[in-house]
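Q: 159 is the number that UniProt numbering gives to position 159 of the sequence shown; each next residue is one higher, with no gaps.
Input: one structure, supplied below.
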Amino acid sequence: MMQQTITGQVCYRRQLCKFLFFIDVQPTNDTYPKFQLFFRTDDGSLDIVDFQDSFRACRPGSIITFKVHPPNDPNEQNGKSHKVWQCNQPVDVVVPYTSREPFIPGRATRGVSASTEPTAKTEDYLSPCKYWVNKNKCEQGEKCLFQHPAGDAFEVARRKWLKQKEKDRKLVTYDPEDPHISKQPHGLRAIIFAYWIRQTFAEQLKEGGGVLDVAGGKGEISLVLSREFGIPTTVVEPKTRKLPNYWLRRLRRLMLRFEVGEEPDWKDKDVQLALQTWPCNTTPTYLHTMLNDEFLVQNAPLLENISLFVGLHSDQATIPIVDTALKAGKAFAVVPCCVFSHENRSRRLRNGELVTTTEQQIQYICEKDTLGYGGQIKTAYLDFEGKNRVVYWIPNTTW
Ligand SMILES: C[S@@+](CC[C@H](N)C(=O)[O-])C[C@H]1O[C@@H](n2cnc3c(N)ncnc32)[C@H](O)[C@@H]1O
Numbered sequence: 001m002m003q004q005t006i007t008g009q010v011c012y013r014r015q016l017c018k019f020l021f022f023i024d025v026q027p028t029n030d031t032y033p034k035f036q037l038f039f040r041t042d043d044g045s046l047d048i049v050d051f052q053d054s055f056r057a058c059r060p061g062s063i064i065t066f067k068v069h070p071p072n073d074p075n076e077q078n079g080k081s082h083k084v085w086q087c088n089q090p091v092d093v094v095v096p097y098t099s100r101e102p103f104i105p106g107r108a109t110r111g112v113s114a115s116t117e118p119t120a121k122t123e124d125y126l127s128p129c130k131y132w133v134n135k136n137k138c139e140q141g142e143k144c145l146f147q148h149p150a151g152d153a154f155e156v157a158r159r160k161w162l163k164q165k166e167k168d169r170k171l172v173t174y175d176p177e178d179p180h181i182s183k184q185p186h187g188l189r190a191i192i193f194a195y196w197i198r199q200t201f202a203e204q205l206k207e208g209g210g211v212l213d214v215a216g217g218k219g220e221i222s223l224v225l226s227r228e229f230g231i232p233t234t235v236v237e238p239k240t241r242k243l244p245n246y247w248l249r250r251l252r253r254l255m256l257r258f259e260v261g262e263e264p265d266w267k268d269k270d271v272q273l274a275l276q277t278w279p280c281n282t283t284p285t286y287l288h289t290m291l292n293d294e295f296l297v298q299n300a301p302l303l304e305n306i307s308l309f310v311g312l313h314s315d316q317a318t319i320p321i322v323d324t325a326l327k328a329g330k331a332f333a334v335v336p337c338c339v340f341s342h343e344n345r346s347r348r349l350r351n352g353e354l355v356t357t358t359e360q361q362i363q364y365i366c367e368k369d370t371l372g373y374g375g376q377i378k379t380a381y382l383d384f385e386g387k388n389r390v391v392y393w394i395p396n397t398t399w
């Protein structure tokens with residue numbers, strides 16, 4: 001296959017679906033005009049690891065070098081004035097774009113693909129600018145090719161954009177196995193998880209042992225468990241977050257609404273009182289550190305008294321939570337979200353596949369079941385928008 005090596009700056013990057021992304025490239029030596037470069041896995045030209053590495057390397061603004069060849073599907077070139085190339089090898093970054101300011105991308109070369117991108121040039125010109133409807137500002141200003149509506153037209157465009165975003169999110173997270181159809185908002189996730197924890201692990205928690213809320217962010221799960229149910233909790237979270245009073249009030253408000261299943265009458269005296277008070281005085285302890293081997297050694301006495309490890313969208317901490325709990329013979333419940341497969345190339349499913357999606361990560365955790373820990377690793381769906389599948393384990397024996 002005829003290949004050429006080119007060096008150029010990434011002007012724009014867009015992932016069209018799980019298996020395909022493209023970039024617009026401005027070659028550095030000006031021999032070529034700007035062109036478009038595809039990366040895909042569905043035709044076997046790249047494997048998932050090289051695809052993901054390339055995606056990260058192609059940060060807009062970075063200068064990269066890569067080998068190109070004509071697209072495997074010649075139709076990709078049809079009807080396009082710019083040149084279209086395909087890449088079947090990982091790219092090398094020559095000069096990374098490191099500025100804290102986002103690179104201001106040039107407009108994408110038009111008409112990405114008849115088969116993958118339905119947007120036609122005329123439609124593009126008619127549609128509102130997504131930066132404008134999102135933030136009410138656009139770096140391109142007058143030069144922007146999209147509409148910048150004002151007044152009522154702005155409100156209409158924004159509502160339409162938000163609705164579309166919500167629709168896209170639902171499509172991306174759609175899971176036919178999920179029994180929850182009309183789900184609770186994402187903002188209630190910690191409250192819903194906390195109520196589920198209390199119900200599911202009632203037996204483990206009644207001994208008085210605490211909950212270790214790893215990667216807990218501001219500690220919302222712990223606050224609900226402690227102040228609503230009197231369960232001792234410890235938040236393990238490296239980042240220090242501000243916990244202003246208005247945040248606590250908002251949480252309490254969300255809880256009251258969640259408990260009654262509808263908007264309470266906020267002017268009612270009892271509701272007012274409930275807003276000011278919490279049922280229990282127990283408060284979470286915060287440890288601003290990572291869950292890692294050092295933490296396990298330094299906090300051995302604390303871990304002895306823990307009945308349950310939990311992690312909600314706990315990023316890089318998810319698998320360490322599971323492994324630590326299994327090793328200690330203590331219950332766990334994690335709701336996986338991001339996978340960080342590039343940092344964890346050794347995580348493979350039993351069939352040899354690399355763990356790159358949330359679903360695969362869930363399977364990966366469930367496959368630890370057969371390692372002889374006793375008790376079955378199970379999953380359940382929680383009733384909130386977004387990643388909502390919890391993986392949990394209750395050991396056979398109590399301690
Ligand atoms: C997506 S946030 C989730 C926060 C919170 N659980 C929530 O749902 O709002 C992920 C958090 O994981 C924390 N984190 C990442 N790795 C960690 C580790 N090894 N130990 C503890 N926390 C970690 C990060 O600091 C970040 O706050």
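Just so it is clear, CB atoms sit at the ideal spot from N, CA and C, and this is done for glycine as well.
(1) Nearest by alpha-carbon distance to P238: which of N136, D315 and A190 is it?
(2) Taking S222 and V235 to be in contact with their CB atoms under 8 Å, please state how far apart those CB atoms are, rounded to whole angstroms.
(3) Using DSSP's beta-bridge definition, name the partner residues of G8.
(4) Which two residues bound the contiguous alpha helix (DSSP H) that contains V310?
(5) Is the beta carbon of V271 within less than 8 Å of some heavy atom of ligand 2?
(6) With a threshold of 6 Å on Cβ separation, who are the neighbours of M290 within its own chain once the five nearest residues in sequence on each side are excluded?
(7) Mind checking which residues open and close the alpha helix (DSSP H) that includes W161?
(8) Just checking: is the beta-carbon of T65 within a distance shorter than 9 Å of some beta-carbon in chain B?
(9) Heavy atom of ligand 1 less than 8 Å from the Cβ of Q316, yes or no?
(10) Spatial neighbours of L275 within its chain, please: C-beta separation below 8 Å, excluding the five flanking residues on both sides.
(11) Determine the burial state of K218: buried for a count of at least 16 other Cβ atoms within 10 Å of its Cβ, exposed for fewer.
(12) Expressed to the nearest angstrom, what Euclidean distance is found between the alpha-carbon atoms of P71 and I64?
(13) Leaving out the 5 sequence neighbours to the left and right, which residues in its chain are closer than 8 Å to Q376 when beta-carbon positions are compared?
(14) Residues bridged to G210 by DSSP?
(15) Here's the rule I'm using: 16 or more other beta-carbon atoms within 10 Å means buried, otherwise exposed. How should L171 be labelled?
(16) Please name the residue in P27, V49, Y246 and T5 whose C-alpha comes closest to that of T357.
(17) Taking 8 Å as the cut-off, is the beta-carbon of H313 closer than that to any non-hydrogen atom of ligand 1?
(18) What is the rounded straight-line gap between the Cα of H186 and the Cα of E385?
(19) Quick check for students: name the residue ranges of the alpha helix (DSSP H) that lie wholly in the stretch 255 to 284, counting only runs of 4 or more.
(20) From N245, I191, Q204 and T28, pick the residue whose C-alpha is nearest to that of E220; which is it?
(21) Under three-state DSSP, which class holds L145?
(22) Report the three-state DSSP secondary structure of Y392 (helix, strand or coil).
(23) Can you tell me whether DSSP reads residue 412 as helix, strand or coil?
(24) Hey, how far is the Cα of F229 from the Cα of L302?
(25) Nearest to C87 by alpha carbon, out of F38, T7 and P279?
(26) Express the C-alpha separation of R14 and P33 in angstroms, rounding to a whole number.
(27) Per DSSP, which residues does Q89 bridge with? Please list them.
(28) Can the beta-carbon of H342 be found less than 9 Å from the beta-carbon of D53?
(29) Per DSSP, I377 is paired with what?
(30) Could you pull out every residue in the same chain whose Cβ sits closer than 7 Å to the Cβ of C138, ignoring the five residues on either side in sequence?
(31) Mind checking whether W196 and V390 have CB atoms under 9 Å apart?
(32) Evaluate H313 with the Cβ neighbour count: other Cβ atoms within 10 Å of its Cβ, from every protein chain shown; 16 or more gives buried, anything less gives exposed.
(33) Less than 8 Å separating the Cβ of P320 from some heavy atom of ligand 1?
(34) Is it buried or exposed, C338, if we count other Cβ atoms within 10 angstroms and call 16 or more buried?
(35) Would you mind working out which of L382, F332, N396 and D383 sits nearest I365, comparing C-alpha positions?
(36) If you draw a straight line from the alpha carbon of Y97 to that of L20, how long is it in whole angstroms?
A: Per the coordinate set shown:
(1) Here residue 238 is taken as the residue at index 238 of the sequence shown, counted from 1. Minimum Cα distance to P238 is reached at D315.
(2) The count along the sequence shown starts at 1 and reaches residue 222 at position 222. The count along the sequence shown starts at 1 and reaches residue 235 at position 235. Contact holds; Cβ gap of about 5 Å.
(3) Counted from its first residue, the sequence shown places residue 8 at position 8. Paired residues: P27 and I64.
(4) For the purposes of this step, residue 310 is taken as the residue at position 310 of the sequence shown. Per DSSP, V310 belongs to no alpha helix (DSSP H); it is in the beta strand (DSSP E), I306 to L312.
(5) Ligand 2 is absent from the structure shown, which contains only ligand 1.
(6) As a working mapping, residue 290 is identified with position 290 in the sequence shown. Excluding positions up to five away in sequence, the list reads P238.
(7) Here residue 161 refers to the residue found at position 161 of the sequence shown. Segment G151 to T173, the alpha helix (DSSP H) holding W161.
(8) Annotation note: the requested chain B is absent from the structure, which comprises a single protein chain.
(9) Locating residue 316 in the sequence shown gives position 316, where the first residue counts as 1. Result yes, Cβ under 8 Å from ligand 1.
(10) Looking up residue 275 in the sequence shown gives position 275. Same-chain partners within the cutoff: R249, R252, R253, L256 and W266.
(11) Locating residue 218 in the sequence shown gives position 218, counting from the first residue. Buried, by the Cβ-count rule.
(12) Numbered from its first residue, the sequence shown carries residue 71 at position 71. Numbered from its first residue, the sequence shown carries residue 64 at position 64. In a straight line, the C-alpha of P71 is about 19 Å away from that of I64.
(13) On the sequence shown, position 376 is the one that residue 376 refers to. Counting only Cβ-Cβ distances below 8 Å, and skipping sequence neighbours, we find D369 and W393.
(14) Taking the sequence shown and counting its residues from 1, the one referred to as residue 210 is at position 210. DSSP output for G210 lists I306 as bridge partner(s).
(15) Against the sequence shown, residue 171 aligns to sequence position 171. The residue is exposed, with fewer than 16 neighbouring Cβ atoms inside 10 Å.
(16) Counting from one through the sequence shown, the residue named residue 357 turns up at place 357. Considering only alpha carbons, the answer is V49.
(17) By one-based count along the sequence shown, residue 313 stands at place 313. Yes, Cβ of H313 sits closer than 8 Å to a heavy atom of ligand 1.
(18) The residue given as residue 186 occupies position 186 in the sequence shown. The residue given as residue 385 occupies position 385 in the sequence shown. Each residue's alpha carbon lies about 5 Å from the other.
(19) 269 to 276
(20) Translated into positions along the sequence shown, residue 220 becomes position 220. Comparing Cα positions, the closest option is I191.
(21) Working through the sequence shown from its first residue, we reach residue 145 at position 145. Coil.
(22) As a working note, residue 392 is residue 392 in the sequence shown. In this structure, Y392 counts as strand in the three-state DSSP scheme.
(23) In the structure displayed, the chain extends from 1 to 399; residue 412 sits before or after that span and is not available.
(24) If you number the sequence shown from 1, residue 229 lands on position 229. If you number the sequence shown from 1, residue 302 lands on position 302. One C-alpha to the other measures close to 20 Å.
(25) Along the sequence shown, one-based indexing puts residue 87 at 87. Of the listed residues, the one whose Cα sits closest to C87 is F38.
(26) Within the sequence shown, residue 33 is the residue found at index 33, counting from 1. Within the sequence shown, residue 14 is the residue found at index 14, counting from 1. For P33 and R14, the distance between alpha carbons rounds to 19 Å.
(27) Locating residue 89 in the sequence shown gives position 89, where the first residue counts as 1. According to DSSP, Q89 bridges with nothing at all.
(28) What you label residue 342 is simply residue 342 of the sequence shown in a count that begins at 1. What you label residue 53 is simply residue 53 of the sequence shown in a count that begins at 1. Yes, Cβ-Cβ distance for H342 and D53 is below 9 Å.
(29) Residue 377 sits at position 377 when you count from the first residue of the sequence shown. I377 pairs with W393.
(30) One-based indexing of the sequence shown puts residue 138 at position 138. If we look at C138 and ignore the five residues flanking it on each side, its Cβ neighbours are C129, Y131, W132, C144 and H148.
(31) Position 196 of the sequence shown, counting from 1, holds the residue named residue 196. Position 390 of the sequence shown, counting from 1, holds the residue named residue 390. The answer is yes: Cβ separation under 9 Å.
(32) The sequence position of residue 313 within the sequence shown is 313, counting from 1. Label assigned to H313: buried.
(33) Start at 1 with the first residue of the sequence shown, and residue 320 comes out as number 320. Checking the Cβ of P320 against ligand 1 gives yes.
(34) Counting from 1 along the sequence shown, the entry for residue 338 is found at position 338. C338 comes out exposed.
(35) On the sequence shown, residue 365 is found 365 positions in, with the first residue counted as 1. Selected option, being the one with the closest Cα: F332.
(36) One-based indexing of the sequence shown puts residue 97 at position 97. One-based indexing of the sequence shown puts residue 20 at position 20. Their Cα atoms are separated by approximately 22 Å.
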